[in-house]
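Engineer:
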Amino acid sequence: MDREEDDPVVADYDVFITPEMSEQLYILQYMNRPPDQPFTRATGCHPTELRYKEQSGFIEVDVPINIRQHYNRPMGVKWGEALRKTKGFGQKAYGIASGFERAMPRMNRPGAAADGPSAPAVAEEDDNVDEYVAHFEDANEKGHVLNTQTFGGQVVKDDGKGPNYMLGTFRENQLHLTRLHGLVQLRTQFHHIDATAHLDAVNRRREKESQEGAKPTEPKAFLPTVKKAGGDTSAELTQAFMKAANQEKWNKLQYSDEDSETAYEAYSERLFLENTSAAPKLHANMNNSQYLDAISAPSSGKGMKKKSAHKRHEDLVEISDESDAPEEEEEPRVS
240 MDREEDDPVV
250 ADYDVFITPE
260 MSEQLYILQY
270 MNRPPDQPFT
280 RATGCHPTEL
290 RYKEQSGFIE
300 VDVPINIRQH
310 YNRPMGVKWG
320 EALRKTKGFG
330 QKAYGIASGF
340 ERAMPRMNRP
350 GAAADGPSAP
360 AVAEEDDNVD
370 EYVAHFEDAN
380 EKGHVLNTQT
390 FGGQVVKDDG
400 KGPNYMLGTF
410 RENQLHLTRL
420 HGLVQLRTQF
430 HHIDATAHLD
440 AVNRRREKES
450 QEGAKPTEPK
460 AFLPTVKKAG
470 GDTSAELTQA
480 FMKAANQEKW
490 NKLQYSDEDS
500 ETAYEAYSER
510 LFLENTSAAP
520 KLHANMNNSQ
530 YLDAISAPSS
540 GKGMKKKSAH
550 KRHEDLVEIS
560 DESDAPEEEE
570 EPRVS
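The number in the numbering used here is simply the position in the sequence shown, starting from 1, with 239 added.
This is the structure:
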């Protein structure tokens, strides 16, 4: 039997590597979204906002929810109000993207300066929920309804230690590879649950102070201390990262639909090598012996020395598709 029939060549492609991009190229992977339901304008799920924290690497994407079909209106109003009120306290992010910090409103305490900055209004029991549900469309337009679903994740950047990922695009018999700067696995974020818990904590604090009375502001003595140098333990590094993530501001990015003219222009200009005829050819910097040493597992023997990568010419291994052994003593192929 002809060996070519076991592993036939079905297509040949010329492979090109595009120049390094000045922009950052990331792949957004939606882990719990079916591939046949993309977030596009055609499916009615075009993202409304994309936020990015460059230093900490957090990314969030807001996608509209169909609030007119299979939607719990009372809970949608409750969660929408929780998000609206906590943002009024100064909460800019939730969960790990905020370092798990909560922005608590300042209470008006006796003895505080009358001309000082006014504190944000604390959460009050909202008696307008029934009204918002009754006038649902108007409440939605005014921001009282949870009408978006948030997907979030953190950029896994290329640190030089792991594999190098590349994005491949095809054009006829050509494959163009573009280096990726990172991957982002986006999962559903339950910010409305965090906001509800946040609001409950504010209400408990307000209720406690109304019963016990707020303590007047008094001057306090302090003793300066010298902090130890360090900050290199895992706990300290994590704490510093969380604090920095909480203080970092979101950068809002423009999101273009995959069928938009902007997307097609970026696809054509950035993901293909323009002049393929002048592209330099790639050459291997290893001979056969060096390649085998590189892919072989290290020896476990204590007394054995590592073979030198620079071997004599007669020690080089010839890699061929055909065997020199007789047909009856043919060695099995490794695929």
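The C-beta atom is built at its ideal place from N, Cα and C for all residues, glycine as well.
1) Just the Cα atoms here: how many angstroms apart are Asn527 and Ala536?
2) Evaluate His415 with the Cβ neighbour count: other Cβ atoms within 10 Å of its Cβ, from every protein chain shown; 16 or more gives buried, anything less gives exposed.
3) Rounding to the nearest angstrom, what Cα-Cα distance links Gln388 and His430 in this structure?
4) Quick one: what's Met481 bridged to in DSSP?
5) State the Cα-Cα distance for the pair Ser473 and His420, rounded to the nearest angstrom.
6) Taking the alpha carbon of Leu322 as the point to measure from, which residue in Gln308, Asp439 and Gln276 has its own alpha carbon closest?
7) Does the beta-carbon of Pro356 have 16 or more other beta-carbons within 10 angstroms, so that it is buried, or is it exposed?
8) With DSSP as the reference, label Asp369 as helix, strand or coil.
9) Would you mind reading off the limits of the alpha helix (DSSP H) that contains Val316?
10) Which partner residues does Thr408 have in the DSSP bridge list?
11) Rounded C-beta distance between Ile266 and Leu422? I'm assuming under 8 Å.
12) Where does Val254 land, buried or exposed, given buried means 16+ other C-beta within 10 angstroms?
13) Pull up the distance between the alpha-carbon of Val289 and that of Lys331, whole angstroms please.
14) Just to confirm, are His383 and Val316 a CB contact at a threshold of 7 Å?
15) Please name the residue or residues paired with Asp253 in a DSSP beta bridge.
16) At which residues does the beta strand (DSSP E) containing Val384 begin and terminate?
17) Just how far apart, CA to CA, sit Asn524 and Val300?
18) Can you give me the start and stop residues for the beta strand (DSSP E) that Glu299 sits inside?
19) Using 10 angstroms around the beta-carbon of Pro286, count the other beta-carbons present and answer buried if the total reaches 16, otherwise exposed.
20) On the DSSP bridge list, what partners appear for Glu293?
21) Just list the residues that DSSP pairs Val423 with in beta bridges.
22) Closest to Glu487 by CA distance: which of Pro277, Pro303, Arg272 and Ala336 is it?
23) In terms of residue numbering, what span does the beta strand (DSSP E) encompassing Lys491 cover?
24) Buried or exposed, going by whether 16 or more other CB atoms sit within 10 Å of the CB of Tyr371?
25) Could you compute how far the alpha carbon of Ala502 sits from the alpha carbon of Ser495?
26) What does Glu288 pair with, by DSSP beta-bridge criteria?
27) Near Gly283, which residues of its chain fall below 8 Å by C-beta distance, leaving aside the five closest residues on each side in sequence?
28) Between the Cα of Met405 and the Cα atoms of Asp245, Val248, Pro247 and Ile256, which residue gives the shortest distance?
Structural biologist: According to the structure data:
1) 16 Å
2) buried
3) 9 Å
4) Answer is none; Met481 lacks a bridge partner.
5) 26 Å
6) Asp439
7) Confidence at Pro356 is low in this model, with a pLDDT of 44, below 50, so its placement is unreliable and no value can be given for it.
8) helix
9) Arg312 to Gly327
10) His415
11) 5 Å
12) exposed
13) Note that residue 289 corresponds to Leu in the displayed sequence, not to Val. Answer to the nearest angstrom: the Cα atoms are 14 Å apart.
14) yes
15) Gln413
16) Premise fails: Val384 is in no beta strand (DSSP E) and is neither H nor E.
17) 43 Å
18) Phe297 to Pro303
19) buried
20) None; Glu293 has no bridge partner.
21) Leu267 and Val394
22) Ala336
23) Asn490 to Leu492
24) buried
25) 6 Å
26) Asp301
27) Pro303 and Asn305
28) Ile256
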